[in-house]
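The next block holds one structure in the form of structure tokens; read it before the comments.
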Amino acid sequence: MSFMEKLSTMFGKKVKVSKVSSDYVELDSQELPHKTARILVKYFVLSDYNDVKPILNAVREGYSITFIKVQPLRAKDPSELRRAIEKIKATCRATNSKIMGIDENYVVTAPDFADIIKG
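Heads up: the sequence shown at position 84 corresponds to 88 in our numbering, and the numbers run straight through without jumps.
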């Protein structure tokens, strides 16, 4: 067993190795594992309308699930909360993301490839 075959079995995936010459080794790229996408879970506290901007950036990235605590802004100014939620909803519509209220204190957004199921 060659060094490359040993190395490939160490990482759990058997890769075909064909020797072309003493200087080069040819790998079958069809059997190499594909890199998976990275999904981030982010937590935000919405205490002011200006706190919406980083939330919108996270939604626009397209690979972040966001948990947003809205209780501080609800207690401070309900009309500002409505404006902030409408802004987040508009961004979710534009990016095909999903948005859902968990209870009266939290809102969750998820990218288009993820589903939010309340149950």
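Even glycine gets a Cβ: it sits at the ideal position worked out from N, Cα and C. Please read these numbers as outputs of a predicted model, since none were measured by experiment.
Kindly indicate the opening and closing residues of the alpha helix (DSSP H) around residue i.
i: L60; result: V56 to E65
Nearest-angstrom Cα distance between residue i and residue j?
i: D81; j: R87; result: 10 Å
i: L85; j: Y53; result: 7 Å
i: M104; j: T70; result: 11 Å
i: E108; j: D119; result: 20 Å
i: S51; j: A79; result: 9 Å
i: V74; j: V112; result: 10 Å
i: V63; j: I106; result: 17 Å
i: L77; j: A114; result: 21 Å
i: K122; j: S83; result: 26 Å
Using the DSSP secondary-structure output, state which residues sit across from residue i in a beta bridge.
i: K102; result: A114
i: D107; result: Y110
i: K46; result: T70
Taking the beta strand (DSSP E) that residue i falls in, what are its first and last residues?
i: K73; result: S68 to K73
What residues in its chain sit with their C-beta under 8 Å from that of residue i, if we drop five residues either side in the sequence?
i: L60; result: K91, I92 and T95
Three-state secondary structure (DSSP) at residue i?
i: I4; result: The question about residue 4 has no answer here: the residues shown for the chain are numbered 5 through 123.
i: S51; result: coil
Suppose the cutoff is 6 Å on Cβ atoms and the five residues either side in sequence are ignored; what does the same chain contact list for residue i look like?
i: L44; result: S68
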